[in-house]
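Mapped onto UniProt numbering, the consecutive letters of the sequence shown carry residue numbers 1 to 138.
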Amino acid sequence: MNIGEAAKASGISAKMIRHYEGIGLIEESRRSAAGYRIYSNNDLHTLSFIKSSRSLGFSLDQIKQLLSLWQDRGRASSDVKALALQHIKELDDKITELSAMRNLLQNLATECHGDNRAECPILQGLEQQCGEAKAKKT
């Protein structure tokens, strides 16, 4: 199949497929006599694996490792598990960070009267955050 068909079948844009080839995440595709990319069912299976991995938030470097492990029939499942557990920790850290952001914004929104007053605790809170960020840099 050509790149358009592979993109449609895998749910990954043609641009991203070319990018994945360019960075070595997937092997360069075969070419037709006219120079068009040609993809096999195995290529499509690999693209689907990448899409599944991306949907779980794995980075491209992690996906490269996962692909290597997936293609290595002699792999130890402990290697795969270690990679998954590391990613879970990264997700937990991100959830903690996002929760703190949400809580701060929720508190600021609760303090805001939301009426015609010029005073706005949300803007004041953002300004305070800006000042704290500047202080950390110095």
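Ideal Cβ positions, reconstructed from N, Cα and C, are used throughout, including at glycine.
Using three-state DSSP, classify residue i as helix, strand or coil.
| i | result |
| --- | --- |
| I38 | strand |
| R117 | coil |
| R18 | helix |
| R31 | strand |
| L56 | coil |
| G131 | helix |
| I23 | coil |
| S13 | coil |
| D61 | helix |
In the DSSP assignment, find the alpha helix (DSSP H) that holds residue i and state where it starts and stops.
| i | result |
| --- | --- |
| E5 | I3 to S10 |
| R102 | S77 to E111 |
With a cut-off of 7 Å, does the C-beta of residue i fall near any C-beta of chain B?
| i | result |
| --- | --- |
| L98 | The structure shown has no chain B; it contains just one protein chain. |
Buried or exposed: where does residue i fall if 16 or more other Cβ atoms within 10 Å of its Cβ makes it buried?
| i | result |
| --- | --- |
| I88 | exposed |
| R117 | exposed |
| I17 | buried |
| A76 | exposed |
| D43 | buried |
| Y36 | exposed |
| L47 | buried |
| residue 142 | Any answer about residue 142 is impossible in this case: the structure gives the chain only from 1 up to 138. |
| S10 | buried |
| L66 | buried |
| S40 | exposed |
What is the C-beta distance between residue i and residue j, in whole angstroms, given that I count them as a contact (C-beta under 8 Å)?
| i | j | result |
| --- | --- | --- |
| I50 | I12 | 7 Å |
Counting Cβ pairs closer than 8 Å, one from the region 50-65 and one from the region 77-88, do we hit at least three?
Here the region 50-65 makes contact with the region 77-88; the two share three or more CB pairs at distances below 8 Å.
State whether the region 2-15 contacts the region 27-43, with contact taken as three or more CB pairs (one from each stretch) at a distance under 8 Å.
yes
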